[in-house]
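Enquirer:
Next comes the structure, spelled out in structure tokens:
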């Protein structure tokens, strides 16, 4: 059996003792197949970004990781620094939320897009030619001229395209997108997503799309993982998630999302997210859950499969959420 | 730093707490505490009268009686160093106090009012910036006569724009934050908002800059004394001591010039360390 | 004449030759709720800031209960009376509270400025306001950094309500919050409006919010009002192509980003040709 493109197994990430009461990530397992688009959804502090970054071994300062993160069967957490550089350059790319904070403002766009290729030994002219092609593919007009311009001459949406072009330079098999459209306007978001999904289809890249927006994840992903307080609480197909959410948190999130076509007002989930300073026993969501039983605050629910969905809820079998 | 082991944990523990456990900052705070105590209690702890002449000990090097030796005139170097800490610290203290108050006032006014007020105040600061501080001091000495007054006034003016520029930029950032705007919307006057909310929030950064300035002002004032423009002989002063001691260097006696030089370097480094650590801590909190 | 709580006429503002707000007019009945919708650069935030006096309009009028507030406030009395007409809740809960001021102080400050109260009355009113937004004594003693984003936004709301304004400007007040928390705050806002009769101007980029928070909606594009009307009508039968584009852009099942991108380009060419 050929290994999966990305396979995260039982990933724990914790800060050194005293700096946090609970692990940032607690037994996270997920996988992305070749050419598959996978959503990773959660609110602030859920650990979705940390999970995403761990694929490039970008861990929070002073954090320790256990478990495994394998790209094509190779463990990222244990590989040599040289191999890791190689991986970041050729196999896995990442785009970030705020393009303005992630692109060096003092260097030209051309430098940004070509730096990976140049480091890989490509000649300057070849790299520039390739960069112009990439910029064209993300919908930047007059790409030759754009290469000579500076980041401040671009709008946020245009700069996010530049970042996508830079990420595609190494022809990665896996693209990690950490809230790539959160800082953009809705119409710009649609445009950037159109480019992203188009390119993904053309190149059959795997995509791990991190977002707080369930609707957005469902609109572009095949499968969606839902995270809460460092754990994955539910994994399902995008359609299944909306039709039949299995975890009370997922259904709470769906009910809280304001919808254009529904007159039903959004319903909040009572309480607030678990901070790193709190370490509730049992299910982390129990304190906010309307269906919680005494057992919920005692036992950590194991993830199990029900009708094709993976759920970590003690009462998953008996509850049905609308 | 040989003084450190003499002090037991009882003295260092509170400093370490203030320093947030950072060893370098703890050491810097310890140096500054020792210096301050030495300056205040100089007559009690100095082994000799700083002006007493012991011709038999002239350029003697280190002896049990004169730990750091005696200078060309036979005066005890250690005692002069301890008394020198008084002028050495008092001058920069006045400079830092005046320049901090002046600079903050100018910087915050410029940031708050913006427009023409900002333009005038900013140009005024640039004007002072472009004028060498030492030259200003020399001119003032020519007008006011030698002594510590003219250099201290000159440095107070010269250092104000450093504080002012920083205060303006952080005040500008703070003014753009919604909590300040919320107070405006509540109907508070600009004065009340600045004094009650803006100043307390920019104070740590301004103080960090002032702590660093303290070291530089100390160095500048020492340089002026060295040139004979500041504290006048026979009063003990680190800068003047280096000047006196420089002739002794030719005769092979290192201590009379080296000891005050080392004192200046250690003090400047200590102030910079403390200032940087305050700034670091503010930056951490901002995140 | 004083039929409206808030009346805005032909508001105009430019920054260094760049027109940010261009002839914006609207009115809000007492206790009404109006959503001002637009993307970045639409002029929605500038409009909000002009309403509360953080920016001066170049032209146009702003009236609350018939009293004009377009010119700069002269003197303490005007400043205070204007503060009792309009208040604002800002977007970023992490920057909208003074980090050095406790929650209790934060709510007491406007009470001290605006009302002659004994300390006991003031404390009682403070507790009442905090309870109104769902905060108790434990939070009252805390500094803002001990609170979560949602709790901070509750504090900001209590502070804004302290002067008993006729209209509250909510400038993307829930945009920085998690979805599950945003819904809590929206709930709270609806409840407060029902009980106190305060009016809302809800500045937002999120069209999906509009029908749940506002009776009427105003769509801004490049500083101009392109469409306005009752929320239900504008959301179901939008007349302006830009409103349609905005509506289609909201992600949902069956969402087609490629088509939206094409529509957006078409609209951009159109507006370039017309100007």
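Residue numbers (the UniProt record's numbering), protein chains in the order written: chain A, 1 to 322; chain E, 1 to 287; chain P, 1 to 275.
In this text, a Cβ means the ideal position worked out from N, Cα and C, and glycines have one as well.
Within 8 Å, do at least three Cβ pairs link the stretch 21 to 34 of chain P to the stretch 269 to 286 of chain E?
Expert: The stretch 269 to 286 of chain E is not in contact with the stretch 21 to 34 of chain P.
Enquirer: Taking 9 Å as the CB-CB cut-off, is residue 187 of chain P touching chain A?
Expert: By 1-based counting over the third chain, the position of residue 187 of chain P is 187. Judged by the 9 Å Cβ criterion, residue 187 of chain P is in contact with chain A.
Enquirer: Which of helix, strand or coil does DSSP assign to residue 205 of chain P?
Expert: Stepping through the third chain from its first residue, residue 205 of chain P is reached at position 205. Reduced to three states, the DSSP call for residue 205 of chain P is coil.
Enquirer: Output needed in chain order: residues of the stretch 191 to 211 of chain E with a Cβ under 7 Å from some Cβ in chain P.
Expert: Hits within the stretch, in order: 197, 200, 201.
Enquirer: Please give me, in chain order, every unbroken run of the alpha helix (DSSP H) with length at least 4 that falls completely inside the stretch 100 to 172 of chain A.
Expert: Whole alpha helix (DSSP H) segments, 4+ residues: 109 to 119, 124 to 137, 143 to 147, 156 to 168.
Enquirer: Hey, does residue 251 of chain P have any beta-carbon neighbour from chain A nearer than 9 Å?
Expert: For this step, residue 251 of chain P is matched to residue 251 along the third chain. Yes, contact with chain A.
Enquirer: Can you give me the C-alpha to C-alpha distance between residue 69 of chain P and residue 198 of chain P, rounded to a whole angstrom?
Expert: In the third chain, residue 69 of chain P corresponds to position 69, counting from 1. In the third chain, residue 198 of chain P corresponds to position 198, counting from 1. Their backbone Cα atoms lie some 19 Å apart in a straight line.
Enquirer: Let me confirm a value: residue 200 of chain A is counted as buried when at least 16 other C-beta atoms fall within 10 Å, else exposed. Which label applies?
Expert: Start at 1 with the first residue of the first chain, and residue 200 of chain A comes out as number 200. Buried, because 16 or more other Cβ atoms sit within 10 Å of the Cβ of residue 200 of chain A.
Enquirer: Answer yes or no: do residue 39 of chain A and residue 217 of chain A have a C-beta to C-beta separation smaller than 9 Å?
Expert: Within the first chain, the letter at position 39 stands for residue 39 of chain A. Within the first chain, the letter at position 217 stands for residue 217 of chain A. Closer than 9 Å, so yes.
Enquirer: Which bits of chain P does residue 193 of chain A rub up against, with CB to CB less than 7 Å?
Expert: As a working mapping, residue 193 of chain A is identified with position 193 in the first chain. Near residue 193 of chain A (Cβ distances below 7 Å), the residues of chain P are 257.
Enquirer: Answer yes or no: do residue 208 of chain A and residue 55 of chain A have a C-beta to C-beta separation smaller than 9 Å?
Expert: Taking the first chain and counting its residues from 1, the one referred to as residue 208 of chain A is at position 208. Taking the first chain and counting its residues from 1, the one referred to as residue 55 of chain A is at position 55. Result yes, Cβ atoms of residue 208 of chain A and residue 55 of chain A sit closer than 9 Å.
Enquirer: Using DSSP with H/G/I as helix, E/B as strand and the rest coil, what is residue 272 of chain A?
Expert: Within the first chain, the letter at position 272 stands for residue 272 of chain A. Reduced to three states, the DSSP call for residue 272 of chain A is coil.
Enquirer: Excluding five sequence neighbours on each side, which residues of the same chain lie with their C-beta closer than 6 Å to the C-beta of residue 224 of chain E?
Expert: As a first step, residue 224 of chain E is located in the second chain; it is residue number 224 there, counting from the start. Excluding positions up to five away in sequence, the list reads 137, 151, 230.
Enquirer: Would you mind stating whether residue 51 of chain A and residue 28 of chain A have Cβ atoms separated by less than 9 Å?
Expert: On the first chain, position 51 is the one that residue 51 of chain A refers to. On the first chain, position 28 is the one that residue 28 of chain A refers to. Taking 9 Å as the Cβ cut-off, residue 51 of chain A and residue 28 of chain A qualify as a contacting pair.
Enquirer: By Cβ distance, which residues of its chain are closer than 8 Å to residue 241 of chain E, with the 5 residues on each side in sequence left out?
Expert: The residue you call residue 241 of chain E lines up with position 241 of the second chain. Same-chain partners within the cutoff: 71, 77, 80, 81, 84, 256, 257, 259, 260.
Enquirer: In chain order, what residues of the same chain lie with their CB nearer than 7 Å to the CB of residue 167 of chain E, ignoring the 5 residues before and after it?
Expert: As a first step, residue 167 of chain E must be located in the second chain, where it is residue number 167. Contacts found: 103, 104, 107, 108, 202, 206.
Enquirer: At a Cβ cut of 8 Å, what residues of the stretch 208 to 229 of chain P count as close to chain A, listed as they run along the chain?
Expert: If the cut-off is 8 Å between Cβ atoms, the stretch 208 to 229 of chain P has 208, 209, 211, 212 near chain A.
Enquirer: With H, G and I counted as helix, E and B as strand and the rest as coil, what does DSSP make of residue 3 of chain A?
Expert: Position 3 of the first chain, counted from the first residue, corresponds to residue 3 of chain A. Correct three-state label for residue 3 of chain A: coil.
Enquirer: Determine the burial state of residue 23 of chain E: buried for a count of at least 16 other Cβ atoms within 10 Å of its Cβ, exposed for fewer.
Expert: As a first step, residue 23 of chain E is located in the second chain; it is residue number 23 there, counting from the start. Its Cβ having fewer than 16 others within 10 Å, residue 23 of chain E is exposed.
Enquirer: Is residue 69 of chain A near residue 77 of chain A, with beta carbons less than 9 Å apart?
Expert: Here residue 69 of chain A is taken as the residue at index 69 of the first chain, counted from 1. Here residue 77 of chain A is taken as the residue at index 77 of the first chain, counted from 1. For residue 69 of chain A and residue 77 of chain A, yes; Cβs fall inside 9 Å.
Enquirer: Around the Cβ of residue 17 of chain A, are there at least 16 other Cβ atoms within 10 angstroms (buried) or fewer (exposed)?
Expert: Against the first chain, residue 17 of chain A aligns to sequence position 17. Under this definition residue 17 of chain A is an exposed residue.
Enquirer: Buried or exposed, going by whether 16 or more other CB atoms sit within 10 Å of the CB of residue 95 of chain E?
Expert: On the second chain, residue 95 of chain E is found 95 positions in, with the first residue counted as 1. It counts as buried.
Enquirer: On a Cα-Cα basis, can you pick out the residue from A:165, A:248, A:81 that is closest to residue 134 of chain A?
Expert: In the first chain, the residue the question calls residue 134 of chain A occupies position 134. Minimum Cα distance to residue 134 of chain A is reached at A:165.
Enquirer: What residues are listed by DSSP as bridge partners for residue 13 of chain P?
Expert: In the third chain, the residue the question calls residue 13 of chain P occupies position 13. The partner list for residue 13 of chain P (beta bridge, DSSP) reads P:21.
Enquirer: List the endpoints of the continuous beta strand (DSSP E) containing residue 305 of chain A.
Expert: Counting from one through the first chain, the residue named residue 305 of chain A turns up at place 305. Where residue 305 of chain A is concerned, the enclosing beta strand (DSSP E) stretches over 304 to 306.
Enquirer: Does the separation of the CB atoms of residue 35 of chain E and residue 68 of chain E fall below 9 Å?
Expert: Working through the second chain from its first residue, we reach residue 35 of chain E at position 35. Working through the second chain from its first residue, we reach residue 68 of chain E at position 68. Cβ atoms of residue 35 of chain E and residue 68 of chain E: not closer than 9 Å.
Enquirer: Based on Cα-Cα distance, which residue from P:44, P:187, P:98 lies nearest to residue 195 of chain P?
Expert: Position 195 of the third chain, counted from the first residue, corresponds to residue 195 of chain P. Per the Cα distances, P:187.
Enquirer: Among all the DSSP beta bridges, which residues are the ones paired with residue 237 of chain A?
Expert: If you number the first chain from 1, residue 237 of chain A lands on position 237. Answer is A:223.
Enquirer: Could you pull the DSSP bridge partners for residue 68 of chain A from this structure?
Expert: Taking the first residue of the first chain as 1, we reach residue 68 of chain A at position 68. DSSP output for residue 68 of chain A lists A:9 as bridge partner(s).
Enquirer: May I ask you to report which of helix, strand or coil DSSP gives residue 24 of chain A?
Expert: Locating residue 24 of chain A in the first chain gives position 24, where the first residue counts as 1. Three-state DSSP puts residue 24 of chain A in coil, outside helix and strand.
Enquirer: State buried or exposed for residue 112 of chain E, treating a residue as buried only when at least 16 other CB atoms are found within 10 Å of its CB.
Expert: Looking up residue 112 of chain E in the second chain gives position 112. So residue 112 of chain E counts as buried.
Enquirer: Mapping DSSP to helix, strand and coil, what is residue 93 of chain P?
Expert: Position 93 of the third chain, counted from the first residue, corresponds to residue 93 of chain P. Residue 93 of chain P: coil per DSSP, three-state reduction.
Enquirer: Mind pulling the chain A residues with CB within less than 7 Å of residue 283 of chain P?
Expert: Outside the modelled stretch of chain P, which goes from 1 to 275, sits residue 283 of chain P, for which no answer is possible.
Enquirer: Comparing the C-beta of residue 18 of chain E with each C-beta of chain P, is any distance below 9 Å?
Expert: Looking up residue 18 of chain E in the second chain gives position 18. False, the Cβ-Cβ gap to chain P never drops below 9 Å.
Enquirer: In terms of residue numbering, what span does the alpha helix (DSSP H) encompassing residue 129 of chain E cover?
Expert: One-based indexing of the second chain puts residue 129 of chain E at position 129. Element bounds for residue 129 of chain E: 115 to 129.
Enquirer: Using a Cβ-Cβ cutoff of less than 7 Å, which residues in the same chain neighbour residue 49 of chain A once the five nearest sequence positions on both sides are dropped?
Expert: Sequence index remark: in the first chain, residue 49 of chain A carries index 49 (1-based). If we look at residue 49 of chain A and ignore the five residues flanking it on each side, its Cβ neighbours are 178, 210.
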